[in-house]
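Here is the structure we will look at.
2 protein chains.
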Amino acid sequence: MSEFTPARLEILHAAAECFMEQGFHATSIDVVARRMGATKGRVYHHYPSKVDLFFDVHRLGMDLLFSAVEPARHAPGDALEVLAAMMKAHALAMFEHHAFESVVVQGVQLHRFGALTPRQHQELEALIATRDQFEALFKEQASAARRAKLLANVDVSIAVKTLLGGLQWSLIWYRPEIDDSAKNRERLAEAMVRTLLLGLAARA
Amino acid sequence: MSEFTPARLEILHAAAECFMEQGFHATSIDVVARRMGATKGRVYHHYPSKVDLFFDVHRLGMDLLFSAVEPARHAPGDALEVLAAMMKAHALAMFEHHAFESVVVQGVQLHRFGALTPRQHQELEALIATRDQFEALFKEQASAARRAKLLANVDVSIAVKTLLGGLQWSLIWYRPEIDDSAKNRERLAEAMVRTLLLGLAARA
DNA sequence: GTCTATATGGTGATAGAC
DNA sequence: GTCTATCACCATATAGAC
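For the record, the sequence lines run as chains H and G. To convert, note that position 155 of the first sequence is 155 in this note's numbering; the numbers rise steadily by one, no gaps. Throughout, this note's numbering is defined as the position within the second sequence, counted from one, plus 1000.
As structure tokens, this is what we get:
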């Protein structure tokens, strides 16, 4: 549907940062344009409305998540090690594409965007379906680990929601401008994965 | 500073639901008033501005969290069992006061509210400090558990952020209107706590 | 205390020059 | 493709009637 042309990518990056900092409704097309050193004529030339712009940021954010996690699905090791690799890849992707993934989370929370055209409504449904597919990747992998007797006796659905929540909450406290070294991101991601997989309680 | 009088509580409940559903910026004072079957004159009589109203919702939301977790801090058992009780109380409070706690999380994410008066800026700082205090409760308890050799070898700061994220993410997927029985909430809270404390990986 | 009416400013979106 | 100029609308907040 929408192609990520260079001109659009520049707009998407500016928009992602604005949406992250101020939220969808508080962000005006003017400030998105000003962040690029342009005026809103440029934005409206490439996007018919603010909602469509938001949806495209969301779409790119999801693409980046899938691209990050997909290779990890074929990582070597047993089903639990694959799950761990997927979690780590997910965490790293959120650090690396902080603004875009913040917008994705914002999209999860927003219940109403105002009046939507039929086409926009359809695109929103598609985005929600994409989020469910992403969660399903983890649910399937966790189920595989369970079949291999590698998983604790937990409700897989709730456990997956909980672990994704634990990872995604890093969007709140991670400050990309403070310490964005690759080494530090690795350390944080591994610490989160370790906590979620092994738990806080000491193992006997 | 602000007292939760009955008249104000009615406004706060209506506002919490509107803020949850539509977000701060998209919520107009008109719809808050309409939800009470009133007009905005009533709201402005009790609150000088929308920001002040939002802050008071946030404040009540934090009060409810502290009130829920405080008793659990004196629960019987070792340091780890106390931590578990605190986590469960926190989860239950978020189910029970879903709208208010959604607004609290929203406040965590919002970086800019627009222009704030000096007094409002000061109140915002106080709210942020309150959130830090709440997190500190869990950090201290986790440290106590570590001193008692009950904790796994994890970074306490990251582990606490991760576990709070796992719990708080339930605000996204929990639907209070679907199944709000006390029994179901207990089940969900216990499943989350169990996952976070014991981890997903099977124990040898 | 609660209402209606209104002042004021900002935002999404469009039209048309270059 | 990008800009300026402009319109129509909506939200915050205020003033004053009841």
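Idealized CB from N, CA, C, for every residue including glycine.
Beta carbon of residue i nearer than 8 angstroms to that of residue j
| i | j | result |
| --- | --- | --- |
| residue 159(H) | residue 1195(G) | yes |
| residue 1193(G) | residue 1091(G) | yes |
| residue 79(H) | residue 150(H) | yes |
| residue 1025(G) | residue 23(H) | yes |
| residue 36(H) | residue 14(H) | yes |
| residue 127(H) | residue 97(H) | no |
| residue 154(H) | residue 1191(G) | yes |
| residue 173(H) | residue 1168(G) | no |
| residue 1197(G) | residue 1141(G) | no |
| residue 1163(G) | residue 1087(G) | yes |
| residue 1046(G) | residue 1007(G) | yes |
| residue 124(H) | residue 55(H) | yes |
| residue 4(H) | residue 60(H) | yes |
For residue j and residue i, believed in contact at Cβ under 8 angstroms, the rounded distance
| i | j | result |
| --- | --- | --- |
| residue 1152(G) | residue 166(H) | Incorrect: roughly 15 angstroms between the Cβ atoms, too far for contact. |
| residue 185(H) | residue 95(H) | 5 angstroms |
| residue 1131(G) | residue 1020(G) | Not really, about 18 angstroms apart at Cβ, beyond 8 angstroms. |
| residue 1051(G) | residue 1043(G) | With a Cβ gap of about 13 angstroms, residue 1051(G) and residue 1043(G) do not count as contacting. |
| residue 1081(G) | residue 1075(G) | 7 angstroms |
Three-state secondary structure (DSSP) of residue i
| i | result |
| --- | --- |
| residue 129(H) | helix |
| residue 75(H) | coil |
| residue 67(H) | helix |
| residue 37(H) | coil |
| residue 1080(G) | helix |
| residue 1119(G) | helix |
| residue 1136(G) | helix |
| residue 1002(G) | coil |
| residue 114(H) | coil |
| residue 1044(G) | helix |
| residue 107(H) | helix |
| residue 14(H) | helix |
| residue 1099(G) | helix |
| residue 1058(G) | helix |
| residue 1026(G) | coil |
Residues that residue i bridges to, as DSSP identifies them
| i | result |
| --- | --- |
| residue 1201(G) | 151(H) |
*Ranges of the alpha helix (DSSP H) found wholly within the stretch 1141 to 1198 of chain G, counting only runs of at least 4*: 1156 to 1168, 1170 to 1173, 1182 to 1198
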